[in-house]
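Convert by adding 26 to the 1-based position in the sequence shown; the result is the number in my numbering. All C-beta atoms, glycine included, are put in the ideal place defined by N, C-alpha and C. Every value quoted in this text rests on a predicted model; they were computed, and no experiment measured them. Presented below is the structure to which this report refers.
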Amino acid sequence: MVGTQFSARLKDANGIDAELTGFNGATTIDLDGGVAHDGNERVSSWSNPANPQSLIAVRLLCRSSSKCANDPGSTKAYVEATDAEFTIRDTVAPAPTASGTLWSWGNDSLYHRHSASATIGATDQGSGIAAAWAEINGLRVDFATPSCPGDKGGYSTRFTPCPLNYSSTKTFNTSAAPFQEGANEIRFCVRDYADAENGASKSCTAKRTVLVDNQASNPPVNLRSDQGTDWQPENGFTIRWGIPAGQVAPITTAAYSIQELDTGTQVDAGFLGGRDVQVGGPFEVPEVGAYKVTVYLVDAASNLGKSAETVIRFDDRPPGNVSPVAPSGWISRDELPIQQEIEKAEAGGPSGVSGYAMAVSDEGPTQPCSTGICLAPEITLAGGSEQRTGSVDGLAEGDHWISAAAVSGAHRSSLEPGSTMVEVDRTPPSSSISGVPNEWVNHPVTVTVAASDQLSGMQPQTGDDGEPKTVIAADNYAPYESPGAIATFAVATEGVNRIRYWAEDLAGNVNDGLPGSAGDTHQTPGQAVVRVDMTPPEAAFDPTRDPEDPELVRVSAEDTDSGVSSASIEIRPAGSDANFTALSTSGEDGQYQARVPSDELAAGAYELQVTVRDRAGNRAVGDETQTGNPMILKLPLKQPARLTSTLAKGKLIRRARYGTRQYVAGRLTSDGIALANQTVRIIETYSSGSRSAPTVHELTTDGDGRYRFRLPAGPSRTVEATFGGTPKLSPATGPALRLNVKGKVRLRIKPRKLYNGGITRMRGSVGFKGALPPARGKLVAIQFFDPSRHKWRPVEVLRTNRRGRFHYTYRFRTISSAQRIIFRASALPEAGWPYLPSTSKPRSVIVYPKAEPTGKEAA
Numbered sequence: 027m028v029g030t031q032f033s034a035r036l037k038d039a040n041g042i043d044a045e046l047t048g049f050n051g052a053t054t055i056d057l058d059g060g061v062a063h064d065g066n067e068r069v070s071s072w073s074n075p076a077n078p079q080s081l082i083a084v085r086l087l088c089r090s091s092s093k094c095a096n097d098p099g100s101t102k103a104y105v106e107a108t109d110a111e112f113t114i115r116d117t118v119a120p121a122p123t124a125s126g127t128l129w130s131w132g133n134d135s136l137y138h139r140h141s142a143s144a145t146i147g148a149t150d151q152g153s154g155i156a157a158a159w160a161e162i163n164g165l166r167v168d169f170a171t172p173s174c175p176g177d178k179g180g181y182s183t184r185f186t187p188c189p190l191n192y193s194s195t196k197t198f199n200t201s202a203a204p205f206q207e208g209a210n211e212i213r214f215c216v217r218d219y220a221d222a223e224n225g226a227s228k229s230c231t232a233k234r235t236v237l238v239d240n241q242a243s244n245p246p247v248n249l250r251s252d253q254g255t256d257w258q259p260e261n262g263f264t265i266r267w268g269i270p271a272g273q274v275a276p277i278t279t280a281a282y283s284i285q286e287l288d289t290g291t292q293v294d295a296g297f298l299g300g301r302d303v304q305v306g307g308p309f310e311v312p313e314v315g316a317y318k319v320t321v322y323l324v325d326a327a328s329n330l331g332k333s334a335e336t337v338i339r340f341d342d343r344p345p346g347n348v349s350p351v352a353p354s355g356w357i358s359r360d361e362l363p364i365q366q367e368i369e370k371a372e373a374g375g376p377s378g379v380s381g382y383a384m385a386v387s388d389e390g391p392t393q394p395c396s397t398g399i400c401l402a403p404e405i406t407l408a409g410g411s412e413q414r415t416g417s418v419d420g421l422a423e424g425d426h427w428i429s430a431a432a433v434s435g436a437h438r439s440s441l442e443p444g445s446t447m448v449e450v451d452r453t454p455p456s457s458s459i460s461g462v463p464n465e466w467v468n469h470p471v472t473v474t475v476a477a478s479d480q481l482s483g484m485q486p487q488t489g490d491d492g493e494p495k496t497v498i499a500a501d502n503y504a505p506y507e508s509p510g511a512i513a514t515f516a517v518a519t520e521g522v523n524r525i526r527y528w529a530e531d532l533a534g535n536v537n538d539g540l541p542g543s544a545g546d547t548h549q550t551p552g553q554a555v556v557r558v559d560m561t562p563p564e565a566a567f568d569p570t571r572d573p574e575d576p577e578l579v580r581v582s583a584e585d586t587d588s589g590v591s592s593a594s595i596e597i598r599p600a601g602s603d604a605n606f607t608a609l610s611t612s613g614e615d616g617q618y619q620a621r622v623p624s625d626e627l628a629a630g631a632y633e634l635q636v637t638v639r640d641r642a643g644n645r646a647v648g649d650e651t652q653t654g655n656p657m658i659l660k661l662p663l664k665q666p667a668r669l670t671s672t673l674a675k676g677k678l679i680r681r682a683r684y685g686t687r688q689y690v691a692g693r694l695t696s697d698g699i700a701l702a703n704q705t706v707r708i709i710e711t712y713s714s715g716s717r718s719a720p721t722v723h724e725l726t727t728d729g730d731g732r733y734r735f736r737l738p739a740g741p742s743r744t745v746e747a748t749f750g751g752t753p754k755l756s757p758a759t760g761p762a763l764r765l766n767v768k769g770k771v772r773l774r775i776k777p778r779k780l781y782n783g784g785i786t787r788m789r790g791s792v793g794f795k796g797a798l799p800p801a802r803g804k805l806v807a808i809q810f811f812d813p814s815r816h817k818w819r820p821v822e823v824l825r826t827n828r829r830g831r832f833h834y835t836y837r838f839r840t841i842s843s844a845q846r847i848i849f850r851a852s853a854l855p856e857a858g859w860p861y862l863p864s865t866s867k868p869r870s871v872i873v874y875p876k877a878e879p880t881g882k883e884a885a
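Here it is, written out as structure tokens:
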């Protein structure tokens, strides 16, 4: 007990105490709460959960060491309790136990369905069992309520208001809440008595998981036979399916049955075990026919699912034998792919005839279906017994064997396939043409076409419906056909005759260039062109003259077919018997021209003729203009021109100093009229020994017909001005001009003063500008001036080096008195030197005798 409340009157007297006490086995405590012991009714309360009491006493206690007794003549000690309440703490929780089918399910890891019972038992040492329940997925389901006679609602009249032992059984429906499909967590709980449930002691069993599945399985997914629903030639069917979605308990068993499809008679049934079983078989059926297979799935909770069905068909009986129809001869490219017909087959079993299989071999008859059972790639025709014509493609040239067999609906082939041989020629014959000229001809042409073929050939054969032939098709003619390998045809029509030729072999291959039956195009036929022109060309001169180009003569020529190939314009003096002279003739497309060299011919009348040839070799000669008049020209045709030219100061010959530049000038006129903006050529021809080849300079005359040109510095040369003429003007040449250039010599002397017996050194050079250095050097003379004879006399003749330099040393020996001696160097004339002779400036030397010179002489 942890609390009390008394309504009591307590009176102490005569050494006797009135007490309300508690005892916990070791100590005693006062429970009166400190109220006065005056005999008045008072309420005393005590509560101390931390110090529970096991014994409560309401008593009178003698405090005297001797005897105690109430004095009859005085107020007596007494205790009177009219109401007592006790607060009891139950410290030991009840002990639950569980049993029954549902509780066992929670320990077997298996799936269950429908209803199951559970029993809960409990014992308690205190207030007794007040309630029992099951907790399923966290939700409470109460068992029967225990009978508690001491329970008065808000209080109890007994220290054990409820039974200390309890047991109850309850049946649970697992298909209803709070159960759910799948895993369910359960436990069983009890509580002892308390004034409020949250103050009671509660105990529960351990939790267990119950696996529940009350739903029937959906039908198997995609129920099928590995062999399919078509007819099968082998007896043995493997059935497969998938586990449907949403399954709670795993599938543990599959139930199946096999029935005849038409009658429903069951021929087999059974079960297939295994977790998530998805395959069964192979199953064999008792005989040929169609059958229905039904499969149900059973889950781990023993729920039988919905069924699914599929059909299997078995037929191992072969159809009747067949053969391919033989061809009527060679097969051509246009007949490919072959439309091969097969004999109609008789059915052997219930699957009937589903089609035909064909095979092609180059080595002889063969089996269309190698194993007797035709696989899909081996079946050529799959349209039933009436579809008997199939396409055979890819046949190379040569002999082939086509074998055929009928195929049942179960893919079983005929026992004995039939065969026929096919001869294939895919290549058209080759053909060649002869007798075709390469160019135009002026006569009829006969052409011959010869054809050859390596396989079927160009000759007819008995039993073959082919008609070999050779064909020539020329423009403006109907195609000419000749049986066999040779055809000959004559072409006599003028113009361009285009010829196509081809051949057709025994198989029917043809190279005519037309569309083939398979959508392709035949090879291009041979082609040739025969050009026939037997009519000569026509030509006439243009009677008009171009005043700006009077020498130009024009001819118009034409040829209807082959066209003009050439024209030659010729000239001779009019009325003479002289031969015509051919002029340089140019042109094309029927327009030709030539230039009359009037500058080279004497004045007078000249007649012209033209010879025209076409490409076929036809020739025509004409001497008339387009107006029908003879072609006569009167020379001269051009206007005369005059060209003047001079050097400086109007000279035709001029001497010039070394290194100077001179001018050439002149005027171009015609009948006194200036010719402006015309080209004049200045031709410089250098003297022998010059480095430069003849040089040409082109000038343009000014508005007055004048020109002026500055000649470059260099050796001597001739200068000529020429005017080449124009189509309207005659050529002209100015007078020949001569420019003579004087050479250049330099001389230095050191020392300039010396004594007799002394040596003076002379050095110099000769100008080589524009000249080829002489191989041995330039010839130079060292000269001194002889005053007695008043002329220059030679001292020494020497040669320069390749650079034009020279040197000379002279010693004086005969000087007896002081003298001024004058020297010079002279470039002497010699062959191959392009300059005029020239001398250097004089250089003087003062020579003294051996004696010392006087002061005046020294000066």
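Just grab the DSSP bridge partners of residue i for me.
i, result
"residue 708", "723 and 747"
"residue 124", "146"
"residue 337", "318"
"residue 581", "567 and 618"
"residue 466", "According to DSSP, which records beta bridges pairwise, residue 466 is partnered with nothing at all."
"residue 457", "477"
"residue 509", "495"
"residue 283", "295 and 320"
"residue 382", "407 and 432"
"residue 47", "56 and 83"
"residue 553", "526"
"residue 898", "Given a span of 27 to 885 for the chain in the structure shown, any question on residue 898 remains unanswerable."
"residue 832", "790"
"residue 412", "None; residue 412 has no bridge partner."
Taking C-alpha atoms, which residue in the options lies nearest to residue i?
i, options, result
"residue 557", "567, 489 and 640", "640"
"residue 157", "814, 139 and 121", "121"
"residue 302", "271, 581 and 47", "271"
"residue 581", "635, 549 and 548", "635"
"residue 644", "742, 334, 591 and 671", "591"
"residue 855", "846, 781, 767 and 841", "767"
"residue 832", "233, 850 and 818", "850"
"residue 847", "82, 804, 786 and 834", "786"
"residue 830", "468, 793 and 863", "793"
"residue 532", "436, 392 and 361", "361"
"residue 155", "144, 162 and 170", "170"
"residue 367", "826, 355 and 430", "430"
"residue 683", "624, 497, 763 and 861", "861"
Using the Cα positions of residue i and residue j, report the straight-line distance between them to the nearest angstrom.
i, j, result
"residue 875", "residue 810", "19 Å"
"residue 502", "residue 516", "12 Å"
"residue 843", "residue 873", "8 Å"
"residue 111", "residue 62", "20 Å"
"residue 212", "residue 126", "13 Å"
"residue 654", "residue 569", "9 Å"
"residue 486", "residue 370", "33 Å"
"residue 250", "residue 216", "55 Å"
"residue 12", "residue 280", "Here the chain comprises residues numbered 27 to 885, so residue 12 is not present and cannot be evaluated."
Along the beta strand (DSSP E) that carries residue i, what are the first and last residues, could you check?
i, result
"residue 763", "763 to 767"
"residue 856", "First-last for residue 856: undefined, no H or E at that position."
"residue 14", "Since the first residue shown for the chain is 27 and the last is 885, residue 14 is missing from the structure and cannot be characterised."
"residue 792", "785 to 792"
"residue 776", "771 to 776"
"residue 236", "234 to 238"
"residue 625", "Note, residue 625: premise wrong, no beta strand (DSSP E); not H, not E."
Is residue i near the ligand COA - that is, is its Cβ less than 7 Å away from at least one heavy atom of it?
i, result
"residue 412", "This structure lacks the ligand COA, and indeed carries no ligand of any kind."
Entirely within the stretch 151 to 178 and at least 3 residues each: give me those beta strand (DSSP E) ranges in chain order.
155 to 162 and 165 to 168
In chain order, what are the residue ranges of uninterrupted beta strand (DSSP E) at least 3 long that sit wholly in the stretch 640 to 671?
645 to 648 and 658 to 661
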